[in-house]
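Chemist: End of the sequence shown = 828 in the working numbering, gap-free, step of one.
Beta carbons: idealized from backbone N, C-alpha and C, even for Gly.
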Amino acid sequence: MAGLLIICDSHTGNTEKMAEAVAEGAKSVAGVEVNTKYFARPEELAQADAIIFGAPTYNHDVTIPIKQMLEEAAKANVQLNGKIGAAFGSYGWSGEAPKFVLEIMKNKFEMLVLEPPLLVRYEPDQNVLGMCRDFGKRVSESLIHVA
Ligand SMILES: Cc1cc2nc3c(=O)[nH]c(=O)nc-3n(C[C@H](O)[C@H](O)[C@H](O)COP(=O)(O)O)c2cc1C
């Protein structure tokens, strides 16, 4: 069984709604165990085969819990190279956070980033939630394909 970890921060619930739909899509693929968390320790990141971050943009940046997680993982020298990474997030006008997270996944941790970031303005509607489900499903499928 491959393990997919979804880590999400959300202040007003928009990225969290996206995360629920991403998880739903990811779970629709047989052979993938999906866990959704607000925070993961370095060893939990190391245990996952794929990691998806849900990162809302505040003040043109990634929020503190996600920053801390990535910093702790870097300090612990956790080996994530070759694992699949993806990112999504709700935003209002600039939407930097998921792009920043993906850059760190790719350049610092040498993860395999196959999907561009999925960005959604404010609250996701039904159409967007469908896109989130498809996004989660694609990441799960690529995990099965790579494994
Ligand atoms: C204080 C504050 C700062 C924000 N800064 C940004 C920003 O720099 N860029 C942006 O695209 N959106 C910004 N937003 C909008 C949020 O990203 C948007 O409301 C998003 O839906 C929040 O997601 P969440 O519900 O998952 O927390 C800001 C919102 C607030 C309240």
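Buried or exposed for serine 821, going by 16 or more other Cβ atoms inside 10 Å?
Modeler: Serine 821 comes out buried.
Chemist: For a minimum of 4 consecutive residues, which ranges assigned as the alpha helix (DSSP H) are wholly contained in the stretch 684-737?
Modeler: If we require 4 residues or more, the alpha helix (DSSP H) runs fully inside the stretch 684-737 come out as 695-708, 723-728.
Chemist: Note down, in chain order, each residue of its chain lying with its Cβ closer than 7 Å to the Cβ of valine 743, except the 5 sequence neighbours on either side.
Modeler: For valine 743, where only same-chain residues beyond five positions count, the Cβ hits under 7 Å are Ala736, Ala778, Phe781, Val782.
Chemist: Based on Cα-Cα distance, which residue from Val703, Ala731, Tyr719 lies nearest to histidine 826?
Modeler: With distances taken between Cα atoms, histidine 826 lies closest to Ala731.
Chemist: Can you list, in chain order, the residues of its chain with a C-beta nearer than 7 Å to that of alanine 704? Leave out the 5 residues immediately preceding and following it.
Modeler: Contacts found: Ile687, Val715, Thr717, Gly817.
Chemist: Give a yes or no on whether the C-beta atoms belonging to alanine 757 and glutamate 796 are separated by under 9 Å.
Modeler: No; because the gap between Cβ atoms is not below 9 Å, this pair is not in contact.
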